[in-house]
Amino acid sequence: MTGDNPLLEATVERVAPPAAIVVFGASGDLTSRKLMPAVERLALRRLLPAGFSVVGVGRTPMHDEDFRERMRTLVEEGGGGGDEAKHVWDAFRGGFRYVAGDYGDAQTYAHLGRVLHELDRERGTAGNRLYYLATPPATFPVIVGGLGQAGLNRPPHDGAFVRIVIDKPYGHDEASAAALDATVHDSFEESQVYRIDHYLGKETVQNVLALRFANAIFEPVWNRRYVDHVQITVTEALGVGHRGGFYERAGALRDIVQNHVMQVLSLTLMEPPPTFDPNGIRDEKVKALRAVDIFTPEEVATEVVRAQYTRGWAQGAEVPGYRDEEGVDPHSLTETYVAMRLKVDNWRWAGVPVYVRTGKRLPKRVTEVAMQFKEVPHLPFAASQTEGLDPDLLVLRIQPDEGITLRFGAKVPGQAFQVRSVSMDFFYGAAFLEETPEAYERLLLDALVGDPTLFIRTDEVEQAWRICDPVLTAWEQGDVPLARYEAGTWGPSEADRLLEEHGRRWRKP
Amino acid sequence: MPHTSTTTTIGSWEAENVTVAQVEAALSDLRRHEARAAVRTSVLTLVAVVDDQREADAALEVVYDLGGRHPSRTVVLVVGDDPDDGQGIDAAASVHAVERQGTAMCYEDVVLRVRGLARYHLDSVVEPFTIPDLPVVVWIPAHLPAPGDPLLDAANSLVVDSRAVPAAGDVLRRISALTRRLPVNDLSWIRLAPWRSQLAGLFEGSVNRPFLEGVREVEVAGNHGPRHLLAGWVMRRLRLPPEAFTLEPAEHVSIRLIATSEGRTGRFSVGRAGPERVIESCIDIEDGPSVQQTMRIRRQWPGLSLASALTRMSGDDTYRVALDGALELS
């Protein structure tokens, strides 16, 4: 690149540079449900340059124009499209290409190389490529190797970039993640690798950082002196649906805890970063994860609860149990619910339990972090005056109803002196004038402009697996029973006991 | 994409010849009787200054365009100049609820028709209605205040629209004087954002970037104000001489840069050609890529440009640079 572009400035939104995004798994679900709608929205916001191009790679044979039309139709069916989008898709004419082939076949990559060269020449994509692996994890090493052998892992000339986005799951345990890393690093530098967890693209997850580090009033109480315990909840109302086959191999620990929960946990517990640059934040996240105590096999039995949903009523409908779902083994031991009591061994959090729970078929879909504060050292009121008073609580709601709730005590109006807990709610969407970008939209743009802050570094993956691996091992050895919970309830009673034995209880979000 | 929101008016009140205290009491009353109004999420107080009821309605219409992303209180001052109007204040207050994604929030507006001498002391009218500790933004849709206007004492920032102000000749100079007193956001400049981002985007990438250093000619068309601001911005940012610029009046804004790099000529243009709300961007490089992109300018422009102005309480340094350049070109 020759010098800066003086016309680009902070007051104009970041615009992606000319580039081709190459999507492996182009005919798959992720591409049509998430990636292409994100591309459409970026284009509607005028954040993609003229000449921006999309190359689909997949096994299904298709012509370029058919690929564009298919994507356009699927995006429209998913709620996108409309009058405004017509111009976007017209502008993409000539910019959508499709390469059909097997991921293990060198010819596929030779063909891809020719197409990319053509786009550089005809549409000015300037040698910039962003590969996106929207394929099953088993294909990751094959595709990464294919790109490397074809020389497509390096920019064709100085000033151009080649980056690769890899979606979760990143390995199925610590060893497999390390093996995948080794393969990826054979072809790509770590600086080229963007491991995506879409949770980090959510505005409200990023707002955890703003709340903690842009306000003087929260950080002083964000520690063991004031916090009694932390609850991190990531629940879903849906069952496994048609993903039974996938879920049987994954389970809640791999599907949610190892990635989403660990990301939210590290942002909640990390120390203030010295700078807001990619490594400033990620260094602190890794330190927070490293401070999480690793379970011994005995502790897995007492500190972790795994469970599976049974038939029940959820959101007004009778729903099958997990073992009756399509693609699920009738004797399956796969967990659809996990609750854990984590210890964090550092100066800030020593002695503050962090309770995490995730599950399917719970009463509602919610993601939140709740900081329960300690009780006041002395209540100068009679017990009868504070019957409705609970300890102060700060809840960061990540989804839905993104926002913050602060619960505190207030006097009930009237002649008597009664104190009751009240909630003060802040709704994120109600206070700001900007539209919130969708997670994939934000992350795709970040990857195109080369900002890895919200992507996961290799040592983060390693630390998250370090925490989860002993649990998986203990479960595989069959030492820990699988509890059951009725669909539509908040999980098994065993999970309640994790808190009750210390006089605490789960929040009902 | 935008989430749909529904707005309902949950209470209103109006009276003639009232005191400011009476209006305040009425407003509190409206909120107190409505559970949905119990929690306020506030970002600022917006004060719009208009000439008549028609302009007041238009201003409120723009504010409603913001939907759920609304400053929590809007005060519209209707300041006519009819000497037969007598003295006093007539007021109308409304509280509205916006339901959006299952979340309800409330906002309110107060329309004050200010008659007589109070017109010269609008700061004293506005102050009681400002929300504590939050910024006050004064928006004057079709005029420019005098730099000594006492209303500006109550304001943290000012929003104007250089294109809508009559007597176009010295508008930019008068705005420049205002920027020395307080941060000013110009809606005309904000509306140029798509042109600016598209133009900047045309020079991204190693093929196009070198042309930025070889810009020879710049043609800018548009109304007085926008075309000068766009040209002024490019002139200052690319450190070009005024002689490189040709400015022409036109109904819609367009800009074309002709540049050379390594013996090749490149033409880079962004423009809105006609009434359809689309802008076209083109790159045409000799022996190189030739691409065109058409983008629709989104609806709700008045609301969106105001929303953008309200996010920049401290003003926009780039605007000041553009304004400086525009003054040299005008």
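Sequence lines, in order, name chains V and L. For the first sequence, counting from 1, position 356 maps to 356 in my numbering; every step adds exactly one. For the second sequence, counting from 1, position 207 maps to 207 in my numbering; every step adds exactly one. C-beta atoms are modelled at their ideal positions from N, C-alpha and C, and glycine is treated no differently. Everything numeric in this text was worked out from a predicted model, so none of it was measured.
When you compare only the Cα positions, how much space is there between residue i and residue j?
i	j	result
Leu327(L)	Gly113(V)	50 angstroms
Met1(V)	Gly159(V)	Residue placement at Met1(V) cannot be trusted, given a pLDDT of 46 that sits under 50; what the coordinates show is reported in the next sentence. Each residue's alpha carbon lies about 5 angstroms from the other.
Pro363(V)	Gln372(V)	22 angstroms
Val125(L)	Leu229(L)	34 angstroms
Arg209(L)	Phe203(L)	5 angstroms
Ala20(V)	Arg505(V)	51 angstroms
Glu438(V)	Leu200(V)	11 angstroms
Ser191(V)	Glu318(V)	49 angstroms
Val115(V)	Asn156(L)	54 angstroms
Arg225(V)	Leu393(V)	15 angstroms
Thr302(V)	Leu498(V)	8 angstroms
Pro275(L)	Arg296(L)	12 angstroms
Ser266(V)	Asp277(V)	16 angstroms
Ala92(L)	Ser12(L)	7 angstroms
Thr405(V)	Ser423(V)	6 angstroms
Val300(V)	Asp173(V)	16 angstroms
Tyr309(V)	Lys360(V)	8 angstroms
Leu7(V)	Arg196(L)	8 angstroms
Val270(L)	Glu280(L)	6 angstroms
Val461(V)	Gly409(V)	41 angstroms
Val286(V)	Thr334(V)	29 angstroms
Arg282(V)	Thr453(V)	7 angstroms
Val111(L)	Asn128(V)	54 angstroms
Which of the three DSSP states is assigned to residue i in this structure?
i	result
Ser94(L)	strand
Met313(L)	coil
Glu189(V)	coil
Val143(L)	According to the sequence provided, residue 143(L) is His. The question's Val does not apply to it. Coil, per DSSP.
Gln315(V)	coil
Asp167(V)	strand
Gly271(L)	strand
Thr489(V)	coil
Trp13(L)	strand
Val111(L)	strand
Asp324(V)	helix
Pro155(V)	coil
Arg505(V)	coil
Ile467(V)	helix
Asp84(L)	helix
Drop a sphere of 10 angstroms on the beta-carbon of residue i, count the other beta-carbons inside from all chains shown, and report buried for 16 or more, exposed for fewer.
i	result
Ile190(L)	buried
His157(V)	exposed
Thr311(L)	exposed
Ala106(V)	exposed
Ser493(V)	exposed
Ala288(V)	buried
Ala350(V)	exposed
Pro37(V)	buried
Leu443(V)	buried
Tyr194(V)	buried
Lys508(V)	exposed
Excluding the 5 residues flanking residue i on each side, which residues of the same chain have their C-beta closer than 7 angstroms to its C-beta?
i	result
Arg181(L)	Pro147 and Leu152
Ser188(L)	Asp161, Ser162, Arg163, Gly225, Pro226 and Leu229
Leu445(V)	Arg14, Ala16, Leu42 and Leu47
Gly58(V)	Gly25, Ala26, Ser27 and Ala100
Suppose the cutoff is 6 angstroms on Cβ atoms and the five residues either side in sequence are ignored; what does the same chain contact list for residue i look like?
i	result
Glu402(V)	Thr204 and Tyr428
Met1(L)	The predicted model places Met1(L) with a pLDDT of 42, which falls under 50 and marks its position as unreliable, so this point remains unresolved.
Asn17(L)	Gly88
Ala487(V)	Tyr309, Gly312, Ala314, Val319 and Arg361
Val54(V)	Ile21 and Phe96
Quick one: what's got a C-beta closer than 8 angstroms to residue i's C-beta in the same chain, skipping five residues either side?
i	result
Thr260(L)	Phe211, Gly214, Arg216 and Gly266
Val184(L)	Ser157, Leu158, Val159, Val160, Ile175, Leu178, Gly315 and Tyr319
Thr135(V)	Phe24, Gly25, Gly28, Tyr103 and Ile143
Leu240(L)	Val215, Val218 and Val234
Glu14(L)	Asp90, Ala91, Ala92 and Ala93
Note down, in chain order, every chain C residue with its Cβ under 8 angstroms from the Cβ of residue i.
i	result
Val278(L)	In the displayed structure, chain C is absent; the protein chains listed are V and L.
Please give the ranges of any alpha helix (DSSP H) in the region 184–240 of chain L, keeping only runs that are unbroken, at least 4 residues long and fully inside the region. 187–191, 193–202 and 226–238
For the region 261–300 of chain V, list the alpha helix (DSSP H) runs that are entirely contained and at least 4 residues long, ordered along the chain. 262–269 and 278–290
Taking only runs of the beta strand (DSSP E) that begin and end inside the region 146–182 of chain L, which ones reach a length of at least 3 residues, in chain order? 157–160
What are the start and end residues of each continuous beta strand (DSSP E) run of 3 or more residues lying completely inside the region 376–440 of chain V, in chain order? 393–399, 403–411 and 419–427
Quick one: complete alpha helix (DSSP H) runs, 4+ long, within the region 74–137 of chain V? 83–91 and 106–123
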